[in-house]
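Peer 1: First the structure, which I've put down as structure tokens, then a few questions once you've had a look.
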Amino acid sequence: MKSEASGLEIALEQLSLTNQRVKKWANLRLDGLYSNVLKSPGTILILLLVITGVFAQQGMSFQQQIDDDVEIFLPDGAPSTELLLEVRTEWSTDLAVIYIQTPNAFNTADSTNITEESFLREISWIEGDSTNINSDSRGRGIDYDKFDHGRKDGVLWIISPAQVIKEINSSDGRFNEALCANIVDERVPLTIDCSQDQTGGDYSIPDQDRIDQIIEESDGGFDTLFKDTNDMDPTVDSDGDGNYTNDMDGDGIWDTTAIVVGMHHDPSITNEYSDFSELLNHFQDVIDNRPTEYQNTEMTVTGLTKVLEDISDAIYEDLLMILPFSVLFTILIITFLHRSAKVVVITGTPIMMALAITFGTSVILDITLTPMIVATFPILIGLGVDYALHMVNRIEEVRRKEMDKAHDENERRRKRGARELEVPDLWDLDFYKSCVMEMTRSTGVAVFLSALTTIVGFSVLIAPAIVPISPIRSVGITLVIGIFSTLILSIVLVPTLSWLLKFNKRSNPSVWRNIGKLPVRGFLILLVLTAAVTSYGIANLDEMNKPITGSSEAPDGIDSLNSLSEYSRQFSSGQTSLFIYDAAERPNLNGTENIRDLPVLDSMDLIEGAIDQVDETSTTSIITFLKTIPATITLADGVSIGDGSLWDMLHDPCWESQDILDLNCPGWTLIPVSEREALRKDMVNVAFDTLSEEVRSMLLNEGGDKAIVYVTQPYMNLNVAGGLRDEIDGILGDGPVLLNTRTSLLTGGLPVSLDINDGIHDTQSKTTIITLLVLTILLAIVFRSPRLGIYTMIPVAVVILWQPLLMQSGDVNVNIFTAMIGTIVFGIGVDDAIHVMHRIQEEGESPHGIASAIEETGQTIFETTITTVSGIGAGFLAAFPGLENFFMLMCLLIIFAFLTSSFLLPAIITAEHVARAKINGHPSWIDFGDGIAVAKPEVMKSLDAIVMDDSL
């Protein structure tokens, strides 16, 4: 045991010696740094400005680093994400919606129905048809090439009432050609050119009589494509949603529809559009450049992709608006607190330069950012000013105390009649540098520790294993770069600018002397009050599990968002999910693509039927079109195949009837069953080939062995939506009954929304807990005491537990911004606690020492809190409610962190010493009488006794 103890003692001694050597090395380097800096402060300032200018120039293209594509928000590793990225390689999952309203939607006096030929031709012209295919890029429609799979025009498919009418109108020609190619040509020993002389309609809008016929024969099939949205009685809430003005009682006239556009997942493949933004702008150009005769409807480009683009632009505009106000508010507060414009320059210059470096670095390192980056800059402004204020205040405090000490000593000398000592010149270079060095050994250490813990805390946001959502990681990266830059620049520039500007700060208000004693004298009240509020916060932790919100958290005045909301409500759609039916492993003896097999189609239909029974859910697949396109073949008088749609034709009972006297199948039973089976298989090919290439590319992969089924639902509360997803996944998880076929689970709109919701909540919980543990361990190491590390973290942890109380407001919801608050508040709030704890350790854990620490440090952290809140408070001007709520929560929690650091932390330390005194039977620990109370030997300060010769 003795040898083990000796070994431990040696290790501790070596650690202590190493610590001393590091401190000595750091002091020498800092002494050399400030000697050089203060000798040529102007040169150093110009040099740093030049370096910053280089970064600022690079940062001018900062906006190009912002990626606002949909997939950037997908959680890494989520099943729906991986499946969605797989699906995107073969089908379109990036949808746009062109929301269309006729004059009747705005004025019921206009009784023209949207099924009017002129309206449908206008819609068809936008889509692209045989009438405008040879026009220029803005006049040939958005999907001018129906066979390119999006490689030329960026559009894989379109679905709309006009498209369905064109599909049906031109289907007879394709049907005749398919019938010739698959039936006649296969059975007649002659060479027939089936592409010639096939009669049928064009792929364009027919005349009004044919339109009316198609709609009438659809047997209500167009009811989901057209809507009568007029509310004829605003005094009645017919849908029971509490809003009397949004009911669709209707005036009997269809007035609203939409074009749903499936876009290629990589628009740059067209060599015309580099991204979705350019492709969507092209859609708008086509709409804006309609011929005069085709300007009868209101058209708005919307859809999730478009909405994200527009929200991204709105957030970026918020950034440009917030930044100058953030700087202005910070300047006003600093000027008010210090009554000096000099301190504005001293504290503002490092952070503005750090912002420029942060912008520039993101461009130089090609860091992919997201619109959420807007949240970082007010935070950096607030934190940067904090560091500078702590440093400049401590320099001035040291100078003031040294000057006061010299004056006090001379006063004593005058009373004794002794010769007075020379009072240091306030602007003596050596005296100023000594004060700066004293700052680096005290507050400078606390600032360094604050920056270190903040960087470590924000680093938690960067780790993909902890944070699966890329936009949150981009915020973490930016904050780490910004904090590091701010720290370095503050260390160099704060003393330099103070010297250049000859800044001299006033003393702290006397009120802080009395405030400093409050947490010592009233420690019990503070602890009871804190425990009560914290308990209430813990009891309301469920507030943190509220689902993320959508449109209510988005900026006002975004047309695409408003249109998408209306589209979702009116069409019970807007949120499109999907799943894959995979027949790639099924043996196919037909010599055709695997999907072109009747058992496969029947199996798909069975699954779709089950999913259609789920509340507020409908499906669209290849079967939907087979059931829509009319088809009947008359072989002879009284002998026909089908009597309705292509689907009905394939499922005519006469294909399998073996009753020669079956009255429902006259003549059929004369054909052998085996021949009928072969004919039926060929008719499957006829049915598929009757569909246009556009429809097939929308619903089948190019290999023809997989089909996609789109599942549409309105936007809804995610708690409700989660149950629907589970129900649908239960159906898909059971899989099809047909052997060697399978269905994927649901992906796309609903599952991705739910996984993003789960990812945000998981991130919120994990980052908060991990940050708490990491910072506690780090502080225990830097303070060389687990006790001090835990005590320093308690004030911030308590504040985090108060957050649910703020989330109770109906206007405050969980969103992708608020998910970061725990980590950010830890990063910011722990700074205050570190400064208070560090100062208490300097002054000593005594009543007088604690009060003195609060008096000196409390003033500074009050100033830094107010300036931080003022900088972040500019976020209240944001048009984005989600961002505004984020900044509001940040401001309140930072204020709470100031209060808990200034009052709760000293109260906890006081409670410990009072409890120890009572346990040990000592007198009351709270005694300000002589300013000295013995707590622990290591916190007692040594006194130097100097014998002075009065004759001097």
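Counting from 1, one number per residue, gives the positions in the sequence shown under my numbering. C-beta: ideal position from N, C-alpha, C; glycine also. Just so it is clear, the structure is predicted and the values come from calculations on it, not from any experiment.
In or out: residue 826 buried (at least 16 other Cβ within 10 Å) or exposed?
Peer 2: Looking up residue 826 in the sequence shown gives position 826. Its Cβ being crowded by 16 or more others within 10 Å, residue 826 is buried.
Peer 1: Using 8 Å as the cut-off, can you tell me whether the region 860 to 870 makes contact with the region 381 to 389, which would need three or more C-beta pairs spanning the two stretches below that distance?
Peer 2: Touching, yes.
Peer 1: Quick check on the burial criterion: 16 or more other C-beta atoms within 10 angstroms. Buried or exposed for residue 806?
Peer 2: Locating residue 806 in the sequence shown gives position 806, counting from the first residue. With 16 or more Cβ atoms within 10 Å of its Cβ, residue 806 is classed as buried.
Peer 1: Counting along the chain, where does the beta strand (DSSP E) carrying residue 94 start and finish?
Peer 2: Numbered from 1 along the sequence shown, position 94 holds the residue referred to as residue 94. Counting along the chain, the beta strand (DSSP E) containing residue 94 begins and ends at 94 to 101.
Peer 1: If you follow the beta strand (DSSP E) that residue 982 is part of, which residue opens it and which one closes it?
Peer 2: What is shown of the chain runs 1 to 952, which leaves residue 982 out entirely.
Peer 1: Which residue comes first and which comes last in the beta strand (DSSP E) that contains residue 299?
Peer 2: The sequence position of residue 299 within the sequence shown is 299, counting from 1. First-last of the beta strand (DSSP E) with residue 299: 298 to 302.
Peer 1: The alpha helix (DSSP H) spanning residue 663 covers which residue range?
Peer 2: Position 663 of the sequence shown, counting from 1, holds the residue named residue 663. No alpha helix (DSSP H) holds residue 663; DSSP gives it neither H nor E.
Peer 1: By DSSP's criteria, residue 405 is part of a beta bridge. Which residues make up the other side?
Peer 2: The residue given as residue 405 occupies position 405 in the sequence shown. Its beta-bridge partners do not exist; DSSP assigns none.
Peer 1: Could you give the residue range of the alpha helix (DSSP H) that holds residue 673?
Peer 2: Here the question's residue 673 lines up with position 673 in the sequence shown. First-last of the alpha helix (DSSP H) with residue 673: 673 to 690.
Peer 1: If you draw a straight line from the alpha carbon of residue 469 to that of residue 82, how long is it in whole angstroms?
Peer 2: Position 469 of the sequence shown, counted from the start, is the residue given in the question as residue 469. Position 82 of the sequence shown, counted from the start, is the residue given in the question as residue 82. The straight-line gap from Cα to Cα measures roughly 14 Å.
Peer 1: Considering only the alpha carbon of each residue, which of 777, 499 and 646 lies closest to residue 598?
Peer 2: Counting from 1 along the sequence shown, the entry for residue 598 is found at position 598. Per the Cα distances, 646.
Peer 1: Give the secondary structure of residue 75 by DSSP, where H, G and I count as helix, E and B as strand, and everything else as coil.
Peer 2: Residue numbering aside, residue 75 sits at position 75 when the sequence shown is read from its first letter. Correct three-state label for residue 75: coil.
Peer 1: Under the three-state reduction of DSSP, which class applies to residue 20: helix, strand or coil?
Peer 2: As a first step, residue 20 must be located in the sequence shown, where it is residue number 20. Three-state DSSP puts residue 20 in a helix.
Peer 1: How big is the Cα-Cα spacing for residue 361 and residue 47?
Peer 2: Counting from one through the sequence shown, the residue named residue 361 turns up at place 361. Counting from one through the sequence shown, the residue named residue 47 turns up at place 47. Roughly 18 Å between the two C-alpha positions.
Peer 1: Would you kindly report the start and end of the unbroken alpha helix (DSSP H) that includes residue 499?
Peer 2: As a position in the sequence shown, residue 499 is number 499, starting the count at 1. 470 to 501 is the span of the alpha helix (DSSP H), which, as asked, contains residue 499.
Peer 1: Could you please give the first and the last residue of the uninterrupted alpha helix (DSSP H) stretch that includes residue 786?
Peer 2: One-based indexing of the sequence shown puts residue 786 at position 786. Unbroken alpha helix (DSSP H) run through residue 786: 786 to 806.
Peer 1: Closer than 8 Å, CB to CB, is residue 622 near chain B or not?
Peer 2: Absence of chain B from the displayed structure is noted, only one protein chain being present.
Peer 1: Can you grab the Cα-Cα spacing for the pair residue 100 / residue 271, in whole Å?
Peer 2: Residue numbering aside, residue 100 sits at position 100 when the sequence shown is read from its first letter. Residue numbering aside, residue 271 sits at position 271 when the sequence shown is read from its first letter. Roughly 29 Å separates the two Cα atoms.
Peer 1: Nearest-angstrom Cα distance between residue 93 and residue 265?
Peer 2: As a working note, residue 93 is residue 93 in the sequence shown. As a working note, residue 265 is residue 265 in the sequence shown. Residue 93 and residue 265: Cα-Cα distance of roughly 7 Å.
Peer 1: Hey, how far is the Cα of residue 431 from the Cα of residue 425?
Peer 2: Counting from 1 along the sequence shown, the entry for residue 431 is found at position 431. Counting from 1 along the sequence shown, the entry for residue 425 is found at position 425. C-alpha separation (whole angstroms): 7 Å.
Peer 1: Can we say the region 164 to 174 touches the region 203 to 223, given the rule of at least three CB pairs closer than 8 Å?
Peer 2: With the cut-off at 8 Å, the region 164 to 174 and the region 203 to 223 touch.
Peer 1: Which residues bound the alpha helix (DSSP H) around residue 536?
Peer 2: Along the sequence shown, one-based indexing puts residue 536 at 536. 523 to 539 is the span of the alpha helix (DSSP H), which, as asked, contains residue 536.
Peer 1: Rounded to a whole number of angstroms, what is the C-alpha to C-alpha distance between residue 585 and residue 671?
Peer 2: By one-based count along the sequence shown, residue 585 stands at place 585. By one-based count along the sequence shown, residue 671 stands at place 671. Going from the Cα of residue 585 to the Cα of residue 671 covers about 33 Å.
Peer 1: Smallest Cα separation from residue 613: which of 776, 731, 883 and 330?
Peer 2: Residue 613 sits at position 613 when you count from the first residue of the sequence shown. Among 776, 731, 883 and 330, the Cα nearest to that of residue 613 is on 731.
Peer 1: Tell me which same chain residues have a C-beta within less than 8 Å of the C-beta of residue 42, skipping the five on either side of it?
Peer 2: Counting from 1 along the sequence shown, the entry for residue 42 is found at position 42. Once the five neighbours on either side are set aside, the close Cβ partners of residue 42 are 500.
Peer 1: What is the C-beta distance between residue 421 and residue 409, in whole angstroms, given that I count them as a contact (C-beta under 8 Å)?
Peer 2: The residue given as residue 421 occupies position 421 in the sequence shown. The residue given as residue 409 occupies position 409 in the sequence shown. Indeed, because the Cβ distance is near 6 Å, the residues count as touching under 8 Å.
Peer 1: Is it the case that the Cβ atoms of residue 474 and residue 368 are separated by a distance below 8 Å?
Peer 2: Along the sequence shown, one-based indexing puts residue 474 at 474. Along the sequence shown, one-based indexing puts residue 368 at 368. For residue 474 and residue 368, yes; Cβs fall inside 8 Å.
Peer 1: Should residue 439 be labelled buried (16 or more other beta-carbon atoms within 10 Å of its own) or exposed?
Peer 2: As a first step, residue 439 is located in the sequence shown; it is residue number 439 there, counting from the start. It is buried - the Cβ of residue 439 has at least 16 other Cβ atoms within 10 Å.
Peer 1: Indicate the three-state DSSP secondary structure (helix, strand or coil) for residue 981 in the structure shown.
Peer 2: This structure does not reach residue 981, given that the chain is present from 1 up to 952, and the question cannot be answered.
Peer 1: Would you report the Cα separation of residue 776 and residue 286, rounded to the nearest angstrom?
Peer 2: One-based indexing of the sequence shown puts residue 776 at position 776. One-based indexing of the sequence shown puts residue 286 at position 286. One C-alpha to the other measures close to 59 Å.
Peer 1: Measuring CB to CB, does residue 483 end up less than 8 Å from residue 454?
Peer 2: Position 483 of the sequence shown, counted from the first residue, corresponds to residue 483. Position 454 of the sequence shown, counted from the first residue, corresponds to residue 454. Yes. Within cutoff.
Peer 1: Hey, residue 749 and residue 575: beta-carbon distance below 8 Å or not?
Peer 2: Numbered from 1 along the sequence shown, position 749 holds the residue referred to as residue 749. Numbered from 1 along the sequence shown, position 575 holds the residue referred to as residue 575. Yes, Cβ-Cβ distance for residue 749 and residue 575 is below 8 Å.
Peer 1: Suppose contacts are defined by Cβ-Cβ distances below 8 Å. Is residue 87 in contact with residue 260 by that definition?
Peer 2: Stepping through the sequence shown from its first residue, residue 87 is reached at position 87. Stepping through the sequence shown from its first residue, residue 260 is reached at position 260. Not a contact, by the Cβ cut-off of 8 Å.
Peer 1: In three-state terms, what does DSSP make of residue 258?
Peer 2: Start at 1 with the first residue of the sequence shown, and residue 258 comes out as number 258. Reduced to three states, the DSSP call for residue 258 is strand.
Peer 1: How many whole angstroms separate the CB atoms of residue 767 and residue 578, which I take to be in contact at a CB cut-off of 8 Å?
Peer 2: On the sequence shown, position 767 is the one that residue 767 refers to. On the sequence shown, position 578 is the one that residue 578 refers to. Not quite, the Cβ-Cβ distance comes to about 32 Å (not below 8 Å), so this is no contact.
Peer 1: Using a threshold of 8 Å, state whether the C-beta atoms of residue 594 and residue 734 are closer than that.
Peer 2: As a position in the sequence shown, residue 594 is number 594, starting the count at 1. As a position in the sequence shown, residue 734 is number 734, starting the count at 1. Not closer than 8 Å, so no.
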